[in-house]
Amino acid sequence: MQFKVPRGTQDILPGEVEMWQWIEDNIRKICRQYHYAEIRTPMFESTELFKRGVGETTDIVEKEMYTFEDRGGRSLTLRPEGTAPVVRSFVEHKTYGEPQPTKLYYVGPMYRYERPQAGRQRQFHQFGVELFGTYEPESDAEVITLGMDWFAAVGLEGVTVEINSVGCTTCRPVHRANLVDYFTPYQEQLCGDCQSRLTRNPLRILDCKKESCQAIIKDAPSIVEAWCEECTTHFSQVKKELELVNVPYRHNDRLVRGLDYYTRTAFEYMLENRQGGGQASTIGGGGRYNGMVKEMGGPEMSGIGFGIGMERVLLALKTSEKEFPQMTTLDAYVVALGEQAQEETTRILHELRKAGLAVERDLLNRKLKGQMKAADRAGARYVVIIGDEEIKNQRVRIKELASGEQSEVGLEELTHILKEKQI
Ligand code: HAM
């Protein structure tokens, strides 16, 4: 019997994992610069959290959650996204009582039962940030810009922002009513999902990808007509802020996003199709959620954030021509010849590792040629050769693999010399 990874998941193997580590290093760097602290929440939460947080009528809650009952009879769900858990934590730990704003980021796996395809998996990873405690438009722009700066840091080109305001509790009902008025005469022509959305959540119709619905959606009333004064002002201030730092954006008044919690700003990071012609793809998205902290039992307090799909970013990076910084290689490979030399190698290796060097040895009892080959394969910069004769003289040979240059040094100065050569 042979096992395979579950559908929609993947192993990240050595060779590929270095790229993950590198983009994760860049996340930590950029978040430090923007002064966001890392938060780690559990992989699963109570099912109710997502129903409340993400919204009962969203695709995520209706069709995509990995929900199970544990042995104690609790209904739990593997997190499909990061915002609801972070809000839960923010309320649970009464972080709202501390001086605001609170700036958090996370990196980790999320789970959605979707049809797997390129860039769509059942276990995928998100880099997300959440910023609490401010309604100011500068904070919307800061979050959006942070994501853009990260794309630039990892060398991803061709990303633009699509941005909209989905209104607030004052103007959203007006837009909702406008949409119901508009779509009702077309009810019969809408797809089954959209027919039920018409009564349950008409805004979600705008997100339908079916061609027949798209034709009707095209002329639907714009949210812009419904915006209240505050939402209009907020939106133009966010745009102005983005212009100050040259973030390329496009106002898309049809943008609604797949989650229900957004108020005012909603945005998506779009990646142009490099193969030319085709549609741009979404690599991340986010927005403001002014009601969720209260909904989860906290005070009236605002939040804004994004989630970026790391697999999608990696896919795009892999197809670009960009060169990646080489991962750390091995400083030295210690080749041992003879029984006594083997013992000495154990001691030397430990000393070199304690000094902070990356070193390796032969663990298969190979002959000189085999060990030299292994050193080459491992990408070692230097080979240190120790034989019984060398031990007697307390000297070892060092060979630089790239140049072939060799020298002999005293055993007691080996650590010092390799440290000096370390990059
Ligand atoms: P989302 O739009 O559902 O938002 O997901 C954000 C990003 O996660 C997507 O743009 C995509 O890149 C990636 N993603 C989603 N599903 C998959 C999948 N099945 N396979 C691979 N990648 C996927 C959120 O999750 C919100 N929590 C974002 C947010 C944070 N809003 C406010 N704060």
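Quick note on the working numbering: the sequence shown kicks off at 334 and runs consecutively. Yeah, the Cβ is synthetic: ideal placement off N, Cα and C, and Gly gets one too.
Report the partner residues of residue i according to the DSSP bridge assignment.
i	result
Q459	G441, G642
V692	A665
E733	Y715
E601	E495, G618
T435	F465
I637	L464, R621
Q450	R453
Where does residue i land, buried or exposed, given buried means 16+ other C-beta within 10 angstroms?
i	result
T532	exposed
F484	buried
S736	exposed
N726	exposed
R385	buried
A451	exposed
M334	exposed
H508	buried
P632	exposed
G415	buried
F401	exposed
D593	buried
Q454	buried
G480	buried
N579	exposed
V338	exposed
If the criterion is Cβ atoms closer than 7 Å, does the pair residue i and residue j meet it?
i	j	result
A417	F383	yes
Y666	E684	no
W560	G624	no
D664	Q755	yes
R445	E490	no
H567	P470	yes
I718	Q673	no
L759	A474	Outside the shown range of the chain (334 to 756) lies residue 759, about which nothing can therefore be said.
T615	E601	yes
V419	E463	yes
F516	F465	no
G617	G638	no
P477	V492	As written in the sequence, residue 477 is Ile, which differs from the Pro given in the question. No, they are not a contact pair.
Kindly indicate the opening and closing residues of the beta strand (DSSP E) around residue i.
i	result
N497	492–498
V742	739–743
R583	582–584
Where do the N-terminal and C-terminal ends of the alpha helix (DSSP H) with residue i fall, by residue?
i	result
A417	416–425
R699	From DSSP, R699 is part of no alpha helix (DSSP H); its letter is neither H nor E.
R686	672–687
M481	470–487
K655	Unbroken run through K655: none, as it is neither H nor E.
D721	721–726
K752	747–754
request  = Only counting runs of 4 or more residues, tell me where the alpha helix (DSSP H) segments fall wholly within the region 367–412, in order along the chain.
outcome  = 380–387
key: Whole runs of the beta strand (DSSP E) within the region 506–573, excluding any shorter than 3 residues   = Runs found: none.
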